[in-house]
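Please read the structure below before turning to the comments.
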Amino acid sequence: MTRLAGVGLGLRWEFLEEVLDGPTLDVAFFEVSPENYMRRGGWYPAALERIADRYPLVTHGLTLSLGGSEPPAPGYLDELRAEVTRLGSPWHSDHLCWTSTGDRVLHELLPVKHCERTVSIAADNLRRAQDLLGVPMALENISWYAHCGAPEMPEEELLCRILERSGAGLLLDVNNVYVNSQNHGFDPRRFIEALPLERVVQLHVAGHTRVESGLLIDTHGATAPDPVLELLAFTVQRTGPVPVLLERDNFIPPLPELLAEVATLRGVYEAALTRREAWLAASA
Numbered sequence: 255m256t257r258l259a260g261v262g263l264g265l266r267w268e269f270l271e272e273v274l275d276g277p278t279l280d281v282a283f284f285e286v287s288p289e290n291y292m293r294r295g296g297w298y299p300a301a302l303e304r305i306a307d308r309y310p311l312v313t314h315g316l317t318l319s320l321g322g323s324e325p326p327a328p329g330y331l332d333e334l335r336a337e338v339t340r341l342g343s344p345w346h347s348d349h350l351c352w353t354s355t356g357d358r359v360l361h362e363l364l365p366v367k368h369c370e371r372t373v374s375i376a377a378d379n380l381r382r383a384q385d386l387l388g389v390p391m392a393l394e395n396i397s398w399y400a401h402c403g404a405p406e407m408p409e410e411e412l413l414c415r416i417l418e419r420s421g422a423g424l425l426l427d428v429n430n431v432y433v434n435s436q437n438h439g440f441d442p443r444r445f446i447e448a449l450p451l452e453r454v455v456q457l458h459v460a461g462h463t464r465v466e467s468g469l470l471i472d473t474h475g476a477t478a479p480d481p482v483l484e485l486l487a488f489t490v491q492r493t494g495p496v497p498v499l500l501e502r503d504n505f506i507p508p509l510p511e512l513l514a515e516v517a518t519l520r521g522v523y524e525a526a527l528t529r530r531e532a533w534l535a536a537s538a
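Going by the numbering used here, the sequence shown opens with residue 255, and the numbers climb by one from there.
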């Protein structure tokens, strides 16, 4: 699998032209959701190809419905493969969730039941997608707010078993871990330590919102707060130099503000890698 490192940024419409026509930015890569560009012609594919000439691109999907009982349609996978290949992504990632039923796409990342059946379904869908896309697959943990039926196993065991059975990589979203830990009452560091960190190919970082009830909502609409940055540092110290991606999808500020947050994440990332050397030496 191609190795990337450093801190990247999710590419969004709000600043696409600034990236396209502006000076070279201090970002390690951009992440693209290919569903936003598939079946478009003219300016859009040409713009992405120009950006791909200047920056590495990684694709991150929204609609594979890897936890859904119906496998992704072959025609859709053919179109997705063409887009992933065109953009030169070293892997493709999507979420452990379901997003569609029949011909209906619900445009929500809906939670799966923590059970043996989900292990079988998600692993089979991951293997099938990987075979048809022609690049390695990575599975992302989601934020969720209620169990989808009585759980048979904790989330970390569910993830471990799916990854082992499918052979996929892990896209570990540390903000999602933090949000879930606060909403469901578990230790986020112990959760991360229980995962197969050798399978991590990428990390996600984002901000969230606390509503009046006290519940945290994964909005991708705020600056990543200190507890999430601390969890990022804890994780990088254990994974080593895997690529980190800043996500922002709501209340998107001007590009210079996003680049300042990228710089903050880079400082956290580099400090964690420095501590990793001492941590490994002490563990030897």
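Beta carbons are placed, not taken as given, at the ideal position from N, Cα and C, and that holds for glycine.
Given the structure is predicted, the values throughout are model-derived calculations rather than measurements.
Whether residue i touches residue j by CB criterion (8 angstroms)
i, j, result
"Val433", "Val459", "no"
"Asn504", "Gly475", "yes"
"Glu289", "Leu316", "yes"
"Leu417", "Arg453", "yes"
"Thr477", "Gly494", "no"
"Leu318", "Pro326", "yes"
"Ile305", "Leu274", "yes"
"Val373", "Cys351", "no"
"Glu410", "Ala448", "yes"
"Asp480", "Ser397", "no"
Same chain only: Cβ atoms within 7 angstroms of residue i, ignoring 5 sequence neighbours per side
i, result
"Glu406", "His368, Cys369, Glu370"
"Ala392", "Trp345, Ser347, Ala422, Gly423, Leu424, Leu425, Val455, Gln456"
"Ser287", "His314, Gly315, Leu316"
"Glu362", "Thr353"
"Asn437", "Tyr399, Leu469, Leu470"
"Ser323", "Ile375"
Spatially closest choice to residue i from the options, by CA coordinates
i, options, result
"Arg443", "Gly403, Leu263, Leu469, Gln491", "Gln491"
"Arg520", "Leu470, Val428, Asp280", "Asp280"
"Val312", "Gly262, Leu270, Arg294", "Gly262"
"His349", "Ala282, Leu387, Leu413", "Leu413"
"Leu302", "Gln384, Leu341, Ser467", "Leu341"
"Asp427", "Thr489, Phe440, Asp332", "Thr489"
"Arg266", "Val496, Ser435, Gly403, Phe284", "Phe284"
"Asp332", "Ala404, Pro365, Asp385", "Asp385"
"Gly295", "Glu337, Ser435, Asp472", "Glu337"
"Arg257", "Tyr298, Tyr330, Arg308, Ser343", "Ser343"
Other residues of its chain near residue i: CB distance less than 6 angstroms, five sequence neighbours each side excluded
i, result
"Arg381", "Ser420"
Cβ neighbours of residue i in the same chain (closer than 8 angstroms, five flanking residues each side left out)
i, result
"Glu272", "Leu509"
Requested in this report: Note down, one range per segment and in chain order, each beta strand (DSSP E) of at least 3 residues found wholly within the stretch 469 to 505.
Outcome: 498 to 500
Report task. Could I get the ranges of all uninterrupted beta strand (DSSP E) runs contained in the stretch 372 to 427, with 3 residues as the minimum, in chain order? Result -> The qualifying runs are 391 to 394, 423 to 427.
Query raised in the report: Mind pulling the alpha helix (DSSP H) runs of 4 or more residues that sit fully within the stretch 284 to 372?
Result: 297 to 306, 328 to 341
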